[in-house]
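If you read the sequence shown in my numbering, its first letter stands for residue 17, the second for the next number, and so on.
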Amino acid sequence: MARVLGQMTYTVTWLRCGAELLEALRLRHVDLALFDIDAATNDGLDIVRQIRRLGIRTPLLATTAHEAVERRIAILDAGADDCLVKPFDLDELTARVRCLARRANGFADNLIELGDLSMNLCSLEVTYEGRRIELTRREFSLLQMRVERAGRIVRREVIETSIYGCDAEVGPNALEVLVHGLRRKVGPGAIRTVRGFGYMASL
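Structure representation (structure tokens):
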């Protein structure tokens, strides 16, 4: 799953237990958490309840091998936003990830438009002023993040975590290089630098 999501526009951090997930959600910016709940124990349910008790609103997508309807209801009632029963098709998984991510940002479908810019989150196509633009995975992720938060300043550290991952070593100029390349393709006014804070979409 991590490999498939990583081949799309998602930056994936792979954690090995519920305690690590809880710690990551407490200390870092996370767009969405995908995790497995063991059919034989309630440990996963307890982690979900702890996450919600802490007031963390990150979208939670659970997978489980337990087919009973009652179990799925318990997972959702504990605070998960969606539940997928194994085995499942990876295309369905990615569709559900897209659904939760866009809902968390207030969008009803996969087409995001801002001024003359249009982004399709399903086909990963971007057009600006009627022309199609080819973006790298990271450029697409950066542009999506900025368009979804149009008019709001996003801190540099939040952007770096979302684009490069929770534990990645990011060079001091890596984000500036990425922003420069995106401005060159979309236009110099696509992203405005707010010195000392972060960046803002300004299309």
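Each residue gets a CB set at the ideal place from its N, CA and C atoms; glycine is no exception.
Report all residues from its chain with a CB closer than 6 Å to the CB of V220; omit the five preceding and five following residues, and keep chain order.
Past the boundaries of the shown model lies residue 220; the chain is included only from 17 to 219, so the question cannot be answered.
Given this structure, state the Cα-to-Cα distance separating D97 from R119, to the nearest angstrom.
Looking at the two C-alpha atoms, the distance is approximately 11 Å.
Please state if the CB of G34 and the CB of I63 are separated by a distance shorter than 9 Å.
Yes, the Cβ-Cβ distance between I63 and G34 is below 9 Å.
Contact the segment 132–144 vs the segment 169–179: 3+ CB pairs below 8 Å:
Not touching, per the Cβ criterion.
Excluding the 5 residues flanking W30 on each side, which residues of the same chain have their C-beta closer than 6 Å to its C-beta?
Closer than 6 Å at Cβ, skipping near neighbours: A18.
What residues are listed by DSSP as bridge partners for Y215?
DSSP lists V170 and T209 as partners of Y215.
Tell me whether the beta-carbon of I207 lies closer than 9 Å to the beta-carbon of Q160.
The answer is no: Cβ separation not under 9 Å.
Cβ separation of L48 and T74, assumed to be a contact under 8 Å, to the nearest whole Å:
About 7 Å separates the Cβ atoms of L48 and T74, confirming a contact at the 8 Å cut-off.
Residue from Y215, E86, D105 and R153 with nearest C-alpha to R171:
Per the Cα distances, Y215.
By how many angstroms is the C-alpha of R168 removed from the C-alpha of F213?
Each residue's Cα considered, the two are about 11 Å apart.
By the three-class DSSP mapping on this structure, what secondary structure does V28 have?
Reduced to three states, the DSSP call for V28 is coil.
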